[in-house]
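Peer 1: Please read through the structure below; I'll follow up with questions.
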Amino acid sequence: YSVGDAVKIARKEPSREFVFFAVGFETTAPSTALEVLRNPPKNLTFLVAHRLIPPAMEMLLGIGDLHIDGFIAPGHVSTIIGMKPYDIFPRVYRMPTVIAGFEPLDMLFAVLMLLRQIKNGEARLENEYTRSVTWEGNKKALRVMHEVFDVASGHWRGLGRLPNSALNLKDKFSKYDAKRRYDVKVEGSREIAPGCLCHLIMIGKIKPPECPLFMKACTPQTPKGACMVSAEGTCSIWAKHGLGVNGPHVT
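Going by this note's numbering, the residue at position 19 of the sequence shown is 51; the numbering climbs one at a time, nothing skipped.
Printed below as a string of structure tokens:
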């Protein structure tokens, strides 16, 4: 499951070749980078697919017909990268931005902080998750990331190719790069299933019940799009937590 497990397995079976699929955002990238710096077994390579959050947020602001009132930035990513990378949103785009933790009260306070900014006509970067997030982030984690990875463009499912949003291993670590060792050809974004509107759900343009496949052809048991495949996907959460096709019932 973890990169540490991959290292242990590769050492136990030196006659076999292993590839660790390194996925996740800035939260998991430091763990991958740290193992690369520790000289992993020669029979272990890394297929790196880490992605960066701030470039994706900036992409959303470039969609003309998508109305965004404010951003709630993820606490786990922000613990690593700090507050600084989000400063561009209020400063350049006049977009209220609040970094939040994951408890229900964290989210409620973050919404309250955003509403106060909007009501007062302000655009500031605020940190609700002060118990974990600092301005500069985790300097050690950022240092190992910068030592191991280069920033590059990358494909995002349903969103296409975004500039400066992916991480690749630096040339000096090419011997650990599965794409180079095995000459892996990375395909572009595949066509989505006919009728699937996951790409519009992912950017907040529509809600899951507005997709014609939701809870019909596309269910948690028979997923058609990324939003239902992932346990953290919007459609999967909407379906599994009783929201159904008509959305939440508020009393």
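Ideal Cβ placement from N, Cα and C applies to all residues, glycine included.
With C-beta atoms as the reference, is residue 59 less than 7 Å away from residue 130?
Peer 2: To locate residue 59, count along the sequence shown from 1; it is residue 27. To locate residue 130, count along the sequence shown from 1; it is residue 98. No, these two residues do not count as a Cβ contact at 7 Å.
Peer 1: Could you check which residue in 91, 96, 37 has the C-alpha nearest to that of residue 67?
Peer 2: In the sequence shown, counting from the first residue as 1, residue 67 sits at position 35. Here the closest residue by C-alpha is 37.
Peer 1: Tell me the residue span of the alpha helix (DSSP H) that contains residue 178.
Peer 2: As a first step, residue 178 must be located in the sequence shown, where it is residue number 146. 171 to 180 is the span of the alpha helix (DSSP H), which, as asked, contains residue 178.
Peer 1: Return the chain-ordered list of same chain residues with a C-beta closer than 7 Å to the C-beta of residue 95, the five sequence neighbours on each side being excluded.
Peer 2: Taking the first residue of the sequence shown as position 1, residue 95 is located at position 63. If we look at residue 95 and ignore the five residues flanking it on each side, its Cβ neighbours are 235.
Peer 1: First and last residue of the beta strand (DSSP E) that includes residue 198?
Peer 2: Position 166 of the sequence shown, counting from 1, holds the residue named residue 198. Unbroken beta strand (DSSP E) run through residue 198: 192 to 201.
Peer 1: Where DSSP assigns a beta bridge to residue 159, which residues make up the other side?
Peer 2: As a working mapping, residue 159 is identified with position 127 in the sequence shown. DSSP, once it has assigned bridges, lists 131 as partnering residue 159.
Peer 1: How about residue 173 and residue 160: are their beta carbons less than 7 Å apart?
Peer 2: The count along the sequence shown starts at 1 and reaches residue 173 at position 141. The count along the sequence shown starts at 1 and reaches residue 160 at position 128. No, they are not a contact pair.
Peer 1: Bridge partners for residue 79 per DSSP, in chain order?
Peer 2: On the sequence shown, residue 79 is found 47 positions in, with the first residue counted as 1. Answer by DSSP bridge pairing, in chain order: 53.
Peer 1: Since residue 65 contacts residue 181 with CB under 8 Å, what's their CB separation in whole angstroms?
Peer 2: For the purposes of this step, residue 65 is taken as the residue at position 33 of the sequence shown. For the purposes of this step, residue 181 is taken as the residue at position 149 of the sequence shown. Going by Cβ atoms, the distance from residue 65 to residue 181 rounds to 6 Å, so yes, they are a contact pair.
Peer 1: In this structure, does DSSP put residue 305 in helix, strand or coil?
Peer 2: Limits of the chain in this structure are 33 at one end and 283 at the other, which puts residue 305 out of reach.
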